[in-house]
Structure formats: structure tokens, C-alpha cells
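Each position in the sequence shown, counted from 1, maps to that position plus 181 in my numbering.
Where a beta carbon is used, it is the ideal one built from N, C-alpha and C, also for glycine.
Notes follow once the structure below has been shown.
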Amino acid sequence: MRKLLLPAVLALFSSIYCQGQTGVVDSLENIIATTGSDSIRIAAMLKLGVYYRSRNFDTARYFYQRALEESQHHGYARGMVAAYAGAGVTYGMEGEYPQAIIHFEKALAKARESNIPDLVFNQYNSLGIVYKRLGDYPRSYEWYNKAMALADSLQDPLKIADNQFSIAVLHDMMDEPDKALTLLRESLKNYTKAGRPVMSNIYNSIGVILAKANNYDSALHYYFIALEMDRKVDKKEAELIVMNNIGNAYRKTKRYKEAEKILLDALHEAEKVRLNQAKADILYNLSKTYVAQRQTDLALEYALKMLDLSKSLGSFLQIGEAYEVLSHIFEQKQDNTTALKYYKDFKAYQDSLFNQNKTKEFKTQQTMFDVYKKDQELAKQELELTYLNEKALLDKKWKFMLKASSALLLFTLLLLYQRYRHRLRHNELLKSKNAVIVSQKQHIEEMNETLEKRMLRAQMNPHFIFNSLSSIQHFVTVNDKASALKYLTKFSNLLRSVLETSTGVQVTLAEEIELIKIYLELESLRFDNEFKYEIKVDQRLDIYNLEIPLLLIQPYIENAILHGLLPSAKEDKLLNVTFEATDNAMRVSIEDNGIGRKAAQVIKEKKGYKKQSLGMSVTQKRLEMLEKNKDTTAAVTVADLYRDNGEPEGTRIIINIPQPINGES
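In C-alpha cells form, the structure reads like this:
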């Protein structure tokens, strides 16, 4: 039976794959119900699993489970590996990566146990793919390297080529284009050596990497090879992707007529086969091509089509791109009001995409932690299984001793004494194991807290850098090159300081104060020195040894400048930042003589601001993290300041940070 599965699959493919989808399902289910061949039944179940995993995950898993049980019943190793691996792929498509890893590891264990090298290779690659999707590139690279070592030992050029392509994609994702190009070219050689037709997406991938390096002539060479291959096998979706890449390369090199021709051809094909995702990308390149030629009417026509299509697809990225192109078009038409409207829409979708990406990153980190918890649960289950086995053995001995006691009382007493000693030893073992379990639980809780702190810190840095880049964008927009260059120089110093502290969650108070000084210099420059500032530090504070979370104070300073000082009509706008030592906490005071909270809230409502800023909300969570295991509350209090006549005089924010916090992670 073990040699019959591949011929059986080939027979199934040749007999039923020429039928429609309903015919495929009916034929395979008929085979399962009527055939007497175990191998063909298993092949049909596996094929139904493949069919349904792109349509219904539960149904796909049902057929993989049937194939697994049938293979186990007949001792068919390849069937078991295929069933585990198929279920793993299904979980991966569903985003259930911890379950995907468990099933791939089961498939790997069975393939190793049965000494089937080609199936071992496949599971190495599958695990590499899962960890790549999780963003855990080191572990992905580790699995891919195991696959490469196995392929080398088998001297199989086809497996080597497949693995080189996978690793090349990983290097490209890690921004290592030179390594990716080298592996892609080696992969081409090995496909040729194996006598297998080269995959067109290798040529397209080489072209994309070359285009990123602005080497468009070489990129076009590889694009056209990929296009010819896709057309030969009628891979329409891949063909449209390559045609769009070619149009983009022509546009980048100002060969607008050639770009226009191939993009219009691609648009026509996309409309025929109703590939809307590809159509949206092509419309984007077409509108950009007409913008470059200042053909604003054509550019507007295609940009509006792209906007409508992107909205129907629900693609935040493409909706934002459409608004950006429309802003450029109306700028060319000298309709600055409409151009500004579309630019604001573009920025709003850009912010939404940023928040969407951060949410996705958080979910990925949570999934990686779930994988870690699954590993811990498996270890705990093994420990419990050992305990249950020992308990069952003890019960068996106990029953034997009870039967023996009826024959010889002395022998019974002796056995009871032995059992007593044995139970003492067993209790010691249980205590030891319980201590291990308690220790592991505490370790997991500590790791969870650390991950949460690092996640909040990771959310803070992009927000801070994004705001600084927006300031630079302001100078570029108003064509103030001198200020932009000066601001960029100071921002680079600030960014270097942030990056130098990126390995930890904490920085010294001295480093935090230095970052605040640079930030205030940047903001003062950005707003033409509209305000003055002063930083005071209590001499009792050991600023070189005291640590606080990086950029903890900055969002409150930013809030005071943007919403307190800048809207004020005063000439002597002033911001005071004071660091004071108290008995069991450090107190930070941020005081401005701006318009006050009530007036600032009125301005926010007029501008349509409803949500709390990302920086303020993240900082509040970071302060809450500092409260853990401290006697003092990490509190933030806000007080409105008034003149003697009752008019608003500004705002004072007091941040109470618990002490000591040295060594916190």
C-alpha cells in the first residue's frame, strides 16, 4: 500500500480534474464511499482537504482528520504526515499559528520516525514559513537552514532551489537585497540543473529588488522574462502583476508612452477576468503616469475610478494612495481648496493605516506569546502524565498488597510499611514538582509583564518619530529649506539618542532630560520661537542613576505646547518643566501660561478631534505599569491656573512617579 498513494493521486487528478468544482467534490466523495483501495480512499480524503481549506476551514479539518484516522488504522506513515501537514496549512491560513506549529511538529516527528527525508524537508520549510509570518525571522531562518542542510545531504537540486527561493524572500523582508538577489540567482541555476521549469515569480522577484535599487533597465529585463512565462501557462493574475511592474518601471524612467500602453493593456485584461485587486494597482500607476505628463483630465478620470474600486475592496492603503494622487491632480489644476481637502483625506487614511499596522504588530506579538504558552502547556501536560502513570502504578501495587494481606498478616504489615516509605518519597517528589510548576508560573507572569512594558515602549517611539517627521514635512511644504535643514539636523541628533537607548525600556533621568531639551529646541524652531521654556532639576535627584521609562514626559510637554501655548495670543508664552524629589516618589511639574483646558477643548471640538491622542493614552498605560509592586500611586493630576480676575492663566500637570524604580524592565 505504501507505494500506491502517488499513482493513486495521479489517477485521481487525470480522471476528475477536468470536471467543474461540483464534479470534483462528487467524484472524490464517491471514491471514498465505494472504492476498496485504502490508498485511493486516503488520497481522496487528502484531496478534499486541499479543496475545502480555501473554502471552509472546518470541513477541510474534518477530511484531514478522517485521512489521519484511516492512515493510523493501516499504519500508513506518509498518509499520517500528509494529514498532519494539511491540517497545519489550514490552521496557518486561518491565522491560528500556535495550532499550525503543533500540527507541523507532529508531521515532522512522524516523518523522522518513519525515516522519510522528503517529508522531513517539507515540514522544515512549513515551520520556516509559519515563523516568517509571525515575524520571528531568526527562528524562521533556523528552520530554513535545517531544510537546506537536508537538501544538501540528499544532493537534490530541486529541493535546494525551492529552499533558496524561500530564504531569498526572507532576506528581502529583512531589507537585505544583496543576499536575496544572490540566492534568487542560485535558485535559477538549481532549477535548470534539476530539469524543472523555472518559476516565473523568481524572475519577477529579481526585477522587484532591482527596481527598489533604481536599476530599472535590469529590472525590465527580468520582468519581460516573467511576463513571457506567465503568458505561456495562462497565469492571468501573475501576468497582470508583472505588467503593472513594467508600467511602473517605465513611469519611473519617464518613458510615459510605453508606460501608458502596457498599463492600458493590463487594465483591459483585468476588467475581462474581473481581478479587482490588480485593477486597482493598475489604475494607480495609470493616474500617476498622466500626472507626470500633466494630463490632468485623464489622471482625474483614472484616480476617481481607483478611489471607487478601493473603497469597494476596503483597502485602506489604496484608498489613501487614491487621495494622494487626487491631491496632486488638483494642485496641478491650481484648485488649492480641493487639493487641500484630498490631502487631508490622505493624511487621515495614512494615520488609520498606521494604527492598523500597530494593531497587527500587537496581535503578532500576542500570537508569539501564545506559541510560548502552548509550549509551556505541553511541558505541563507531560509532567501531569508522568504523575498519573506513577499514581496508576501505585494503585496497582496497593491492590496487590490488600489481596496478599488476607494470607499473611506479617507480610501485609511489612508491605504496608514499605508502602508508607514509598508514599513519603512520592510526596517529596510531588512537592518538588509543585515547586517547579509554581516557579514556571511566576516566570511566565514576569515575562508577560515585561512583554507588555516593551510593547508600550515600542508603541511610543513610532508615535514620537512620526510627530517629528510631520514637523520636517511642514518646513518642506512651505519651502523653508534653511529651517528644514536645521530642524533635520537637530532631529537626527534626537533620533540618534533615542536609538542609542533602544535596547532597554528605561533610561537615566539625565538622558530623558537631554531628550526633552532637544525636543523643545525642535518645537521652538518649528514654531519660530513663539514660546520660551525653562527646565529645573532638584539637586537632591541623582539624575545619573535614577531611571525612568524613555519619553515618558514628552507627550505631556507636547500637549502643553500644541494645545496650551500655540493658540495663545500672548507674546511672553512660557513653559516650565520641573523635576522634584519627594519622600517616596519623583514629582514632575509641567506648567504653561497658555489658554487653559476649556479654551483648548473648544478648539479641539471645532476641528473635530474626539479621541485621546495615541501618545497620551500609551503614556497613561506606562504609568499604570509603574504602579505595580509599589506603595505609591503613579498619578497624573491636571490643574487649571487663573488670574486674580478669574481669567484662565494656563495649566499645570503634575506627574507622580513611584520610587525607587531603578532596575525596572
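(message) Looking only at its chain, what residues have a beta carbon closer than 6 Å to the beta carbon of residue 772, apart from the 5 residues adjacent to it on each side?
(response) 757 and 833
(message) Quick check on the DSSP output: what are the complete alpha helix (DSSP H) runs of length 4 or more inside the stretch 408-456, in order along the chain?
(response) 417-433 and 437-454
(request) Note down, one range per segment and in chain order, each alpha helix (DSSP H) of at least 4 residues found wholly within the stretch 283-364. (result) 298-314, 318-335 and 338-354
(request) Please classify residue 539: does DSSP put it in a helix, a strand, or coil? (result) Low confidence applies here, because residue 539 scores a pLDDT of 44, under 50, leaving its location unreliable and the question unanswered by this model.
(request) Would you kindly check if the distance between the Cβ of residue 456 and the Cβ of residue 421 is under 9 Å? (result) yes
(message) Let me make sure I understand the geometry here. Which of 424, 748, 596 and 261 has the alpha-carbon closest to that of residue 579?
(response) 596
(request) Give the DSSP-derived three-state secondary structure of residue 463 in the structure shown. (result) helix
(message) Quick check on residue 407 - is its C-beta less than 9 Å from some C-beta in chain C?
(response) In the structure shown, chain C cannot be found, because there is only a single protein chain.
(message) Looking at the strands, I want to know which residues DSSP matches up with residue 771.
(response) 758 and 834
(message) According to DSSP, simplified to helix, strand and coil, what is residue 206?
(response) helix
(request) From the DSSP output, read off the bridge partner residues of residue 730. (result) 687
(request) Ignore the nearest five residues each way along the sequence and tell me which others in residue 281's own chain have a CB closer than 7 Å to its CB. (result) 269, 272, 273 and 311
(request) Would you list the residues sitting across from residue 817 in a DSSP beta bridge? (result) 836
(request) Check the DSSP bridge columns for residue 822 and list the partner residues they point to. (result) 831
(request) Using 10 angstroms around the beta-carbon of residue 650, count the other beta-carbons present and answer buried if the total reaches 16, otherwise exposed. (result) exposed
(request) Work out the CA separation of residue 484 and residue 525 for me, nearest whole Å. (result) 16 Å
(request) Note down the Cα distance separating residue 410 from residue 380, rounded to an integer number of angstroms. (result) 8 Å
(request) Classify residue 514 as helix, strand or coil using the three-state DSSP reduction. (result) coil
(request) Measure the beta-carbon distance from residue 355 to residue 318 and round it to whole angstroms, keeping in mind my assumption that it falls under 8 Å. (result) 6 Å
(message) Using only the alpha-carbon positions, how far apart do residue 499 and residue 466 sit?
(response) 11 Å
(message) Report the CB separation of residue 694 from residue 716 in whole angstroms; it is logged as a contact under 8 Å.
(response) 7 Å
(message) I'd like to confirm something about residue 718: is its beta-carbon nearer than 8 Å to some heavy atom of the ligand ADP, or not?
(response) For the structure depicted, the ligand ADP is absent and the ligand set is empty, with no information on it obtainable.
(message) Using a Cβ distance threshold of 8 Å, determine whether the stretch 817-835 contacts the stretch 761-775, with at least three qualifying pairs required.
(response) yes
(message) I'd like to check one pair, residue 227 with residue 258: are the Cβ atoms closer than 9 Å?
(response) no
(message) For the stretch 666-675 against the stretch 708-722, do three or more pairs of beta-carbon atoms, one drawn from each stretch, fall closer than 8 Å, so that the two count as touching?
(response) no
(message) With a threshold of 6 Å on Cβ separation, who are the neighbours of residue 701 within its own chain once the five nearest residues in sequence on each side are excluded?
(response) 714
(request) Return helix, strand or coil for residue 712, following the three-state DSSP convention. (result) strand
(request) Taking the CB atoms as reference points, tell me whether residue 511 and residue 519 lie closer together than 9 Å. (result) yes
(message) Please classify residue 670 as buried or exposed, where buried requires at least 16 other C-beta atoms within 10 Å of its C-beta.
(response) exposed
(request) Give every residue of the same chain whose Cβ lies closer than 8 Å to the Cβ of residue 540, excluding the five residues on either side of it in the sequence, and list them in chain order. (result) Note on residue 540: pLDDT 43, under 50, position unreliable in the model; no value is reported.
(message) Quick check on the burial criterion: 16 or more other C-beta atoms within 10 angstroms. Buried or exposed for residue 441?
(response) buried
(message) If you measure between the beta carbons of residue 371 and residue 351, is that distance less than 9 Å?
(response) no
(message) Measuring alpha carbon to alpha carbon, tell me which residue in 299, 358 and 322 is nearest residue 333.
(response) 299
(message) Between residue 367 and residue 336, how many whole angstroms is the CB-CB distance? I'm expecting something under 8 Å.
(response) Their Cβ separation, rounded to whole angstroms, is 15 Å, which puts residue 367 and residue 336 out of contact at 8 Å.
(request) Measure how close the beta-carbons of residue 245 and residue 206 come, nearest whole angstrom, since I'm counting them as under 8 Å. (result) Their Cβ separation, rounded to whole angstroms, is 16 Å, which puts residue 245 and residue 206 out of contact at 8 Å.
(message) For residue 330, tell me which candidate among 303, 531 and 353 has the shortest Cα-Cα distance.
(response) 303
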